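Sequence lines, in order, name chains A and B.
Under the working numbering, read the first sequence as residues 8 to 319, first letter to last.
Under the working numbering, read the second sequence as residues 13 to 364, first letter to last.
One structure is given below, encoded as structure tokens.
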Amino acid sequence: MARYFLKLFGRLLLTLAVVSTAVFFLIRLTPGGPAVAMLGQDASPDAVARLNEKLGLTDPVFLQYWKFLTQLAQGDLGESLTNGLSVSGTILSVLPHTLELAIAALIIGKLVGITLGIVEAVWKDRSPDVIGRIMSLVGLSFPSFFVAVLLVLFIALPLGLPTNGVAPFVELGSNLQRLLLPALAMGIVSAAYTSRVTRSLMVEIIGENHVRTARAKGVREGRVLVRHVLQPGSLPLVPIAGISFITLVGDAVLIETVFARPGLGSLMVNAMQARDYTTVQGCIIVVTTVIVLVNAAVDAFYHVLDPRTKTA
Amino acid sequence: MTDVTETEIHGRPQTPASDGCLSVRNLTTVFTTRRGTVAAVTDVSFDLRAGETLGIVGESGSGKSVTAMSALGLIPQPPGKVVSGEIWVDGKNLLALDRRSLRAASGSDVAMIFQDPMTSLNPVHRIGAQIAEGILTHQRRPSKADREAARRRAVELLAAVGVPAPERRAQQYPHELSGGMRQRVMIAMAMSCDPKVLIADEPTTALDATIQAQIMRLLREVQQRTNVGIMLITHDIGLVAQNVDRVLVMYAGRVVEMGTVEEVLENPKHPYTVGLLRCTPSRLPSDSVRRRLTPIPGLPPNPTDLPPGCSFAPRCGLRGDRELCLLEQPELRPAPTDDHRSACHFLEEVTP
Ligand SMILES: Nc1ncnc2c1ncn2[C@@H]1O[C@H](COP(=O)(O)OP(=O)(O)OP(=O)(O)O)[C@@H](O)[C@H]1O
Ligand code: SF4
Ligand SMILES: [Mg+2]
């Protein structure tokens, strides 16, 4: 067990080292800079130079990199170049909203997608399957921001639901109201994908020999489905859910912008526009950490569930 | 569960053998595929008596498995469909039962073991639980005590099929057992409800020779203990010679010859059977060498497009240029006794 966590920690460190180095240098290669972004295109070169010096950007780049690394090693993500606030503080204040969105979308996507996939597999080639497959094809061909626009036009506006911003978690009703549409927009696309994966997985398992054995024993169809199809089938769904979650965190970037939701995504987009190097670096590092941890959790969960990974 | 309402409506079959524990009458099963309708099994009739082993042999695709699966309602539908026929077990026509009654009969009246023991058990449940499930499935609302009893019975059954340390094995998952052990588990599971008929579809094909012999010995032991009728589907003439009382030879979905093992192997009355036996090194029932069926020259007919007369005609050495074989479907008839039958127009001319 200790070895497992040690390995996990090592993997996290290695990934973070690679990712943070890459983002540090790549972002400095993008044209423009924080000073130009703040002062505008017409600012005098003099003013730009002064601001750059104030921001510490005139130091040799390897000195900056060293400073960044030593800070990072202490868990310090530095201060925003635009407002001077602590980057980790800003991220921590918006991260829950992004996670909330990704988790809600994951739940919607998996609930709808898995159910649909199972129904399609059980009624393979009959009307529920055909209808379900057409639906998921439509869902897959729409990008989530387009679904978001449709949802706003045809659901939020007629019903008078709020279409932007977030509400604090303590105001649960209002929080969920504002969560619903963005989560749906992302969840629908995720459900379409999930239903396809689930369907092909379940169709495969239904054709397996042990299912025939169960039927030959005289086991009820419902029980065959639960114990002999869904239970063995739930295992491969675990890593698929992990992948979906990671995709959803990425999707959140777009959807948060569409719904003007404060979150990691919109923070990152704004920081990128302002060339706020430290904030962009911080966001990427946090996202990477989340991804590595989710992967590890999925891995651990899979091991707990699959009897084949336990030795006799 | 004993749902017999259906049976009482349908009454007794017209011609089942009086001591038959399984009577198949005029079974016809087809598959509808994109390339046309496959006549997988056509007009197959036979009887299996209690305590007897009936061997079913024939080339790949001749309809052996479809015959067996039809009895348990395991034909995937679509594309498959049992078009007609009756399968009588214990006074019930399985093909006339509703889903619920057929389910009640599956496993308790007729049990089945399959070719591939490696994949025939559920990978995520313990062995003991899988055996117990077969028992509990046939009980109405099993109580806690019933569950406990089923669990104990599962261990007893494992012991009875020669699984060492049955208590411990019952707690293990299939991946922890070898192929031979898994086939023993399958047999234990099949015998858990004292079936009248055990269908064994190539039960030893996936196992190596020593294990094969052990499994066949086990099946014989089980049969002596329980008097179960066994339908043994196989490619292996050696297996047939040593383990079987009567033989059914299938070709292109039809029974072409049937009789006692001695009659069919020593005095075959159908050119196809002759061909089958000629392809094996020795055909004496006493010979202990393991032999495989090797195909006869030529290919089996396309099952979506069977010729009008005898299906074997294109490959038959006996036919010569006789028109009858192409025009008229030969029916099974005594060769020469009622016990030994062949579906050849010229069975009198067949020489081994
Ligand atoms: N699911 C299916 N769909 C379409 N055709 C099928 C299906 N299952 C069986 N058949 C057809 O039924 C015929 C008989 O098949 P069956 O499995 O009974 O052969 P078999 O005698 O058991 O052969 P083998 O020795 O290879 O097991 C074959 O022609 C096959 O093409
Ligand atoms: S009926 Fe004719 S073709 Fe068929 S097996 Fe007999 S001789 Fe051959
Ligand atoms: Mg077969």
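Using N, Cα and C, we set each Cβ at its ideal position, and we do this for glycine too.
Being a predicted model, the structure only gives us computed values, none of them experimental.
Taking the beta carbon of Ala-200 of chain B as reference, no residue of chain A falls within 9 angstroms; the closest one sits roughly 12 angstroms away.
At least one CB of chain A lies nearer than 8 angstroms to the CB of Leu-86 of chain B. When CB distances to chain B are screened at a threshold of 9 angstroms, the residues of the stretch 208 to 237 of chain A falling below it are Gly-214, Glu-215, Asn-216, His-217, Val-218, Arg-219, Thr-220, Ala-221, Arg-222, Ala-223, Lys-224, Gly-225, Val-226, Arg-227, Glu-228, Arg-230, Arg-234, His-235, in chain order. When Cβ pairs closer than 8 angstroms are counted between the two stretches, the stretch 106 to 121 of chain B is seen not to touch the stretch 276 to 286 of chain B, the count staying below three. Counting C-beta atoms within 10 angstroms of its own C-beta, His-310 of chain A has fewer than 16 neighbours from the protein chains shown and is therefore classed as exposed. With a minimum length of 3 residues, the unbroken runs of beta strand (DSSP E) contained wholly in the stretch 250 to 289 of chain B fall at 258 to 263, 266 to 272. At a cut-off of 8 angstroms between beta-carbon atoms, Arg-35 of chain A makes no contact with chain B.
Excluding its 5 nearest sequence neighbours in each direction, Asn-59 of chain A has C-beta neighbours in its own chain below 6 angstroms: Ala-42, Thr-65, listed in chain order. Taking all protein chains shown into account, Phe-12 of chain A has fewer than 16 neighbouring C-beta atoms within 10 Å of its C-beta and is therefore exposed.
Sequence-distant Cβ neighbours of Thr-44 of chain B in its own chain, meaning closer than 6 angstroms and more than five residues away, are Pro-91. DSSP places Gly-47 of chain A outside any beta strand (DSSP E), giving it a letter other than H or E. DSSP, reduced to helix, strand and coil, places Asp-102 of chain B outside both helices and strands of the structure shown, so it counts as coil.
Every alpha helix (DSSP H) of 4 residues or more that sits fully in the stretch 215 to 245 of chain A is shown, in chain order, as 216 to 224. Distance from the CA of Ala-171 of chain B to the CA of His-187 of chain B, rounded to the nearest whole angstrom, comes to 19 angstroms.
At a cut-off of 8 angstroms, the C-beta of Arg-206 of chain A has no neighbouring C-beta in chain B. Following the DSSP letters along the chain, one finds Phe-32 of chain A in no beta strand (DSSP E) but inside the alpha helix (DSSP H) bounded by residues 9 to 36.
Taking C-alpha positions only, Val-231 of chain A is separated from Ala-123 of chain B by approximately 17 angstroms.
By alpha-carbon distance to Val-78 of chain B, the top candidate from B:Pro-346, B:Ser-323, B:Met-262, B:Ser-113 is B:Met-262. Taken atom to atom, the span from the alpha-carbon of Val-260 of chain A to that of Gly-47 of chain A is near 25 angstroms. For Lys-131 of chain A, the shortest separation between its Cβ and any heavy atom of ligand 3 does not lie below 7 angstroms.
Against chain B, the beta carbon of Pro-246 of chain A has no neighbour under 8 angstroms; the closest one sits roughly 16 angstroms away. Taking non-hydrogen atoms of ligand 2 into account, the C-beta of Leu-330 of chain B is found less than 7 angstroms away from one of them.
In the structure shown, Val-305 of chain A falls within a helical segment according to DSSP collapsed to helix, strand and coil. Here the stretch 193 to 204 of chain A makes no contact with the stretch 291 to 305 of chain A; the two share fewer than three CB pairs at distances below 8 angstroms. Proximity of the stretch 263 to 280 of chain A to the stretch 90 to 105 of chain A meets the contact definition, three or more beta-carbon pairs being nearer than 8 angstroms. A direct Cα-Cα distance of roughly 16 angstroms separates Leu-191 of chain A from Ser-148 of chain A. The continuous alpha helix (DSSP H) containing Ile-195 of chain A extends over residues 179 to 213. Put simply, of B:Ala-200, B:Asp-158, B:Gly-192, B:Ile-199 the residue whose alpha carbon is nearest the alpha carbon of Asp-220 of chain B is B:Gly-192. For Thr-65 of chain B, the uninterrupted beta strand (DSSP E) run begins and ends at 65 to 69, by DSSP.
In this model, Asp-351 of chain B and Arg-61 of chain B are separated by some 13 angstroms (Cα to Cα).
For the 8 angstroms CB-CB criterion, Gln-142 of chain B and Met-201 of chain B form a contact. Take the alpha-carbon of Thr-205 of chain A and the one of Arg-315 of chain A: they are about 21 angstroms apart. At a cut-off of 8 angstroms between beta carbons, Ala-212 of chain B makes no contact with chain A. Per the DSSP secondary-structure output, Ser-354 of chain B pairs in a beta bridge with B:Glu-269, B:Arg-345.
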